[in-house]
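One line per chain: the protein sequences are A and B, in this order. The opening residue of the first sequence carries number 1 in the working numbering; numbering runs sequentially from there. The opening residue of the second sequence carries number 1 in the working numbering; numbering runs sequentially from there. Taking it in order: structure first as structure tokens, then the write-up.
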Amino acid sequence: NAGVTQTPKFQVLKTGQSMTLQCAQDMNHEYMSWYRQDPGMGLRLIHYSVGAGITDQGEVPNGYNVSRSTTEDFPLRLLSAAPSQTSVYFCASRDGFNEQYFGPGTRLTVT
Amino acid sequence: ILNVEQSPQSLHVQEGDSTNFTCSFPSSNFYALHWYRWETAKSPEALFVMTLNGDEKKKGRISATLNTKEGYSYLYIKGSQPEDSATYLCAFNPGGGADGLTFGKGTHLIIQP
Chain A
1 NAGVTQTPKF QVLKTGQSMT LQCAQDMNHE YMSWYRQDPG MGLRLIHYSV
51 GAGITDQGEV PNGYNVSRST TEDFPLRLLS AAPSQTSVYF CASRDGFNEQ
101 YFGPGTRLTV T
Chain B
1 ILNVEQSPQS LHVQEGDSTN FTCSFPSSNF YALHWYRWET AKSPEALFVM
51 TLNGDEKKKG RISATLNTKE GYSYLYIKGS QPEDSATYLC AFNPGGGADG
101 LTFGKGTHLI IQP
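Put into structure tokens, the structure is as follows:
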């Protein structure tokens, strides 16, 4: 099993550009989530999904869109990047009660 | 926004000593409490998922307890080793349809040889 994979590992964007951060898991987990990690702020939930076709907002959803067309994939879209979105992004998946598995992270810089 | 607090923020411990730290969370609704270990430049790694009041879990020298009625969990490390140096995160799931995890800011543990 590859677990949770994320691409790209690093990305630099200019303000106003759009991009999609990819996340995939091969564990058939129902729950998938996106977090951002900022200094002094810990991990903050952006969006999550409890199954294909179902998504919901977390603590900091503004500026991000998600969709969940398959169990395996949960992409995060930045429609118009802003410097405030410079962060490290983690995707994670879990199965119900059980422990959550994190991807390796994407380091995004918006200039 | 749910309030999940961890204390202390950072901790220096001598190798061989035992230590513990706290996670507090809202006691009104409870579904699960997670503990994670996060080493620099890596991804968080799950330690425990706790679901029942009075739960105690153990993995090697690390153990955790849970009190859902008063809204806290303790993580204990016995006989600290340098490889225990990491940030320890707790994450709260209130359930009831709000299924995302809310993380505390972590306790940064440094073991001094």
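Glycine included, C-beta positions come from ideal geometry on N, C-alpha and C.
So what does DSSP say about residue 17/B, is it helix, strand or coil? coil
For a contact meaning CB atoms closer than 9 Å, what does residue 61/A contact in chain B? Neighbours of residue 61/A on chain B: none; closest Cβ ~10 Å, over 9 Å.
Below 6 Å CB to CB, which residues in the same chain sit around residue 30/B once its five sequence neighbours on both sides are set aside? 68
Could you check where the beta strand (DSSP E) with residue 73/A kicks off and where it finishes? Where residue 73/A is concerned, there is no enclosing beta strand (DSSP E), given that its DSSP letter is neither H nor E.
Going by alpha carbons, who is nearest to residue 57/A out of 71/A, 70/A and 76/A? 76/A
Straight-line Cα distance separating residue 48/B from residue 96/A: 14 Å
Does the beta-carbon distance from residue 62/B to residue 85/B come in below 8 Å? no
With 8 Å as the threshold, decide whether the Cβ of residue 44/B is near any Cβ in chain A. yes
Given a limit of 7 Å on CB to CB distance, which residues of the segment 64-84 of chain A reach chain B? none
Cβ atoms of residue 108/A and residue 11/A: under 8 Å apart, would you say? yes
Per-residue contacts from residue 100/A into chain E (C-beta, under 7 Å): Of the protein chains in the structure, A and B, none is chain E.
Less than 8 Å between the C-beta atoms of residue 20/B and residue 74/B, yes or no? yes
Excluding the 5 residues flanking residue 10/B on each side, which residues of the same chain have their C-beta closer than 8 Å to its C-beta? 107, 108, 109 and 110
Among 103/A, 111/A and 110/A, which residue has its Cα nearest to the Cα of residue 1/A? 103/A
When the Cα atoms are used, what is the spatial distance from residue 38/B to residue 14/A? 30 Å
I think residue 34/B touches residue 17/A, with their Cβ atoms under 8 Å apart; what is that distance to the nearest whole Å? About 35 Å separates the two Cβ atoms, so there is no contact after all.
Min CB distance residue 89/A to chain B below 8 Å: no
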